[in-house]
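Undergrad: Numbering (the numbering used here), first residue to last: 3 to 257. For each residue, glycine too, the CB sits at the ideal point set by N, CA and C.
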Ligand SMILES: Cc1cc2nc3c(=O)[nH]c(=O)nc-3n(C[C@H](O)[C@H](O)[C@H](O)COP(=O)(O)OP(=O)(O)OC[C@H]3O[C@@H](n4cnc5c(N)ncnc54)[C@H](O)[C@@H]3O)c2cc1C
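(1) Which value, in whole angstroms, describes the spacing of the CA atoms of residue 2 and residue 69?
(2) With burial defined as no fewer than 16 other Cβ atoms inside 10 Å of the residue's Cβ, what is the status of residue 10: buried or exposed?
(3) Quick check for students: name the residue ranges of the beta strand (DSSP E) that lie wholly in the segment 85-119, counting only runs of 3 or more.
(4) Would residue 254 be called buried (16 or more neighbouring beta carbons within 10 Å of its own) or exposed?
(5) Using alpha carbons as the reference points, say which of 25, 158, 149 and 3 lies closest to residue 222.
(6) Are there 16 or more other CB atoms within 10 angstroms of the CB of residue 130, so buried, or fewer, so exposed?
(7) Can we say the segment 99-114 touches the segment 234-252, given the rule of at least three CB pairs closer than 8 Å?
(8) Roughly how many angstroms separate the alpha carbons of residue 7 and residue 101, rounded to a whole number?
(9) Apart from the five residues on each side of it in sequence, which residues of its chain come closer than 8 Å, Cβ to Cβ, to residue 193?
(10) Comparing alpha-carbon positions, which option in 232, 109 and 54 lies nearest residue 172?
(11) Based on the DSSP secondary-structure assignment, which residues constitute the bridge partners of residue 2?
(12) Taking the beta strand (DSSP E) that residue 167 belongs to, which residues open and close that run?
(13) If you follow the beta strand (DSSP E) that residue 260 is part of, which residue opens it and which one closes it?
(14) Over what stretch of residues does the alpha helix (DSSP H) that includes residue 69 continue unbroken?
(15) Give the range of the beta strand (DSSP E) segment to which residue 30 is assigned.
(16) When DSSP labels each residue in this structure, what does residue 155 get in the three-state scheme?
(17) Is residue 148 helix, strand or coil when you go by DSSP?
(18) Which term fits residue 233, buried or exposed, when burial requires 16 or more other beta carbons within 10 angstroms of its beta carbon?
(19) Could you tell me if residue 228 is buried or exposed, where buried requires 16 or more neighbouring beta carbons within 10 angstroms of its beta carbon?
(20) Buried or exposed for residue 78, please, with buried defined as at least 16 other CB atoms from any protein chain shown within 10 angstroms of its CB.
(21) Would the beta-carbon of residue 142 be found less than 7 Å away from any heavy atom of ligand 1?
(22) Please specify which runs of the alpha helix (DSSP H), each continuous and at least 4 residues long, are wholly inside the segment 187-229, giving them in chain order.
(23) Using a 10 Å radius around the Cβ and a threshold of 16 neighbouring Cβ atoms, would you call residue 208 buried or exposed?
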């Protein structure tokens, strides 16, 4: 089976993020594989081990994205492709167009993406790529069974499970609950250094500049407002209750 994983490098949201002039500062920031893409890599490896074939991870990014691709190779993917973009603006449309141009002649059986990227979180890239390639897609999956060309998928629907049947070729976006992504092992890390990592730029794809013009522009990014300090009410319980009701009613307008 010819399996592809769309993988995005994101900021590590466990780390402090600095914003200046409406942009996230990249200097000194830590980057990781988008956590939903780890489910995609794990599922791709599991399906390959069951059905045979090859897993290729692809990133549209810059040369620093090699680190996340090597991690996916260390987890067990077979090959990586880095599509290096030198432009400094692009949106979900641009990214999808680039991925479409790369994938259109690859005869992928299964493409796995994350449900959303934890930074910009539009959840658009997977469905856009599937639409462009003219293949079915199912989003936020938590279970995947492949039997020949037939595919049975489970989706978490607010705590209930929805079962969907479809067929290959297919694109799915992966949600927490699908699997437990493995940590790269030491032998995996050693092997990953020798696995193929192809680096392409836009000129290597059959894509004109005007075909990938972004459709949207991010105007501003800001941090949430600082939390106000908490307030501790004191005195007799009856007085505290009265004060609390008055605060909720008059000050916070919550009642
Ligand atoms: C030329 C160019 C320049 C860009 N410049 C900037 C910039 O200056 N600042 C900035 O913040 N962003 C930039 N981007 C990134 C872009 O704006 C979006 O962040 C990106 O398209 C993903 O959107 P999202 O985070 O909403 O992903 P979502 O749609 O939420 O992601 C869902 C899933 O799609 C897949 N996916 C998403 N992005 C990629 C990717 N890049 N490669 C492979 N798979 C992916 C992953 O599987 C991911 O889990 C640029 C993109 C391009 C193409």
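TA: In this structure, then:
(1) Within the shown structure, residues of the chain are numbered from 3 to 257, placing residue 2 beyond reach of any answer.
(2) buried
(3) 112-116
(4) exposed
(5) 25
(6) buried
(7) no
(8) 11 Å
(9) 75 and 76
(10) 109
(11) One cannot answer for residue 2 here, as it falls past the ends of the chain, which runs 3 to 257.
(12) 162-169
(13) Here the chain has residues from 3 to 257 only, and residue 260 is not among them.
(14) 68-77
(15) Run containing residue 30: none; DSSP gives neither H nor E here.
(16) strand
(17) strand
(18) exposed
(19) exposed
(20) buried
(21) no
(22) 188-194
(23) exposed
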